[in-house]
Structure formats: C-alpha cells, structure tokens
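Okay, so here's the structure we're looking at.
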Amino acid sequence: MKETQDKLIKLARSAQEKAYAPYSKFSVGAALVAQDGSFYMGCNVENISYGLSCCAERNAIFKMVSEKGPHQKIKAIAVSTKADIPCTPCGACRQVIQEFSTPETVVFCKGKDGYVSYAMKDLLPGAFTEFEALDHDGSSTIIGSKYKTTP
Ligand code: THU
Numbered sequence: 168m169k170e171t172q173d174k175l176i177k178l179a180r181s182a183q184e185k186a187y188a189p190y191s192k193f194s195v196g197a198a199l200v201a202q203d204g205s206f207y208m209g210c211n212v213e214n215i216s217y218g219l220s221c222c223a224e225r226n227a228i229f230k231m232v233s234e235k236g237p238h239q240k241i242k243a244i245a246v247s248t249k250a251d252i253p254c255t256p257c258g259a260c261r262q263v264i265q266e267f268s269t270p271e272t273v274v275f276c277k278g279k280d281g282y283v284s285y286a287m288k289d290l291l292p293g294a295f296t297e298f299e300a301l302d303h304d305g306s307s308t309i310i311g312s313k314y315k316t317t318p
C-alpha cells in the first residue's frame with residue numbers, strides 16, 4: 168500500500184499544479200486508483216460564481232466514471248494541497264467518494280505529521296446510502312448505492 172500511496176501523492180501533486188483557483192488561492196490535487204488498476208487525476212476548478220466550483224476529488228472521480236463507466240470503484244484516493252496544508256475531503260466529496268467506494272477503499276490525505284489513511288466508514292459514518300422511493304400508486308422501491316455503510 169505504501170507504494171500506491173507514494174504514487175498517488177505524486178500524481179495528486181502534479182494535478183494540483185493544474186488547479187484553477189484564482190478566488191480561494193488554495194490549489195488542490197487528487198489522484199485515485201480504480202479497482203481495475205487505472206489512475207485518474209483531478210484538480211479544483213473554481214468559478215467567479217463561487218458555488219459552481221468543483222473540488223479536485225470530485226473532478227478525479229467524474230473522470231473515472233466518464234471514462235470507465237458506472238461500475239468502476241475507487242481502490243484508493245489521495246489529496247494534496249497548497250503548501251501541504253492538512254486537509255481532508257469536504258462533506259460533498261465524502262458523499263461522492265462513498266458512492267464509488269467499497270469497504271476496502273482508502274483515502275490518503277495530509278495530517279499534522281505526514282499523510283494519514285482513512286477508511287470511508289470513519290470519514291462518513293452513517294452515510295446516506297439508501298432510501299425508499301414512493302410511487303404515485305403507493306408502491307415503493309428501495310433505492311440504494313451498491314456499498315452501504317453500517318450506521
Ligand atoms: N477543495 C478541494 O478541491 N478539495 C478539498 O478537499 C477541499 C477544498 C477546494 C474547493 C475550493 O476550490 C478551494 O479548495 C477552497 O475551498
């Protein structure tokens with residue numbers, strides 16, 4: 168896993184150099200390895216209408232899905248930041264990582280003393296993974312993402 172971590176951090180750093188962050192001036196890079204062994208990178212892309220900005224993690228994940236299709240899962244994902252400032256994925260990104268995770272998925276991000284690895288169940292305990300959709304005729308269907316966390 169150390170080898171994967173080092174490679175992902177290196178790729179995340181290089182993605183970070185591409186960041187478009189003129190408003191926050193906080194460049195972020197992300198890199199992930201999918202279950203099939205392919206790598207995807209992403210950076211944050213901001214907008215003058217601030218709320219339209221997208222984080223590095225989500226951009227990397229959306230690349231994976233657009234290129235590999237809906238069944239690919241994340242084996243591990245790393246995040247790097249400007250000046251190596253400690254940073255875990257934001258709440259929105261945690262929910263998106265969760266959607267394409269398995270119980271083995273690992274998230275590497277900078278802590279106070281070097282990189283730390285997290286499991287998704289610790290980053291997003293009690294994640295929203297299932298709901299009951301009610302139809303007009305009163306019938307219901309359980310809608311769920313593939314991997315459900317234990318509450
Ligand atoms: N950002 C990311 O890209 N990933 C994170 O994990 C945290 C925040 C971006 C969003 C915004 O462009 C900038 O960092 C400041 O919040």
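For what it's worth, our numbering labels the leading residue of the sequence shown as 168, then goes sequentially. For glycine and all other residues, C-beta sits at the position ideal for the given N, C-alpha and C. It should be emphasised that the depicted structure is a prediction, and the values quoted were computed from it without experimental measurement.
Asked                                                                                             : Found
Cutoff 6 Å; reference Ile309; Cβ partners in own chain excluding five residues on either side     : Glu299
Where the alpha helix (DSSP H) containing Ser307 begins and where it ends                         : Taken as a continuous stretch (DSSP letters only), Ser307 belongs to no alpha helix (DSSP H), being part of the beta strand (DSSP E) at 307–311.
At least three beta-carbon pairs within less than 8 Å, the stretch 236–256 to the stretch 202–217 : yes
Alpha carbon of Phe193 to alpha carbon of Ser268, nearest angstrom                                : 26 Å
CA-to-CA distance, Ala186 to Tyr217, given in whole angstroms                                     : 15 Å
Closer than 6 Å: Ala188 CB and nearest the ligand THU heavy atom                                  : yes
Under the three-state DSSP convention, the category Thr255 falls into                             : coil
Under the three-state DSSP convention, the category Met208 falls into                             : strand
DSSP bridge partner residues for Tyr190 (one or two, in chain order)                              : None; Tyr190 has no bridge partner.
Runs of beta strand (DSSP E) wholly within the stretch 219–273 (minimum 3 residues, chain order)  : 241–248
Range of the contiguous alpha helix (DSSP H) that encloses Leu290                                 : 287–290
CB of Val195 within 7 Å of CB of Ala227, strictly                                                 : no
Local conformation of Glu213 per DSSP, three classes                                              : coil
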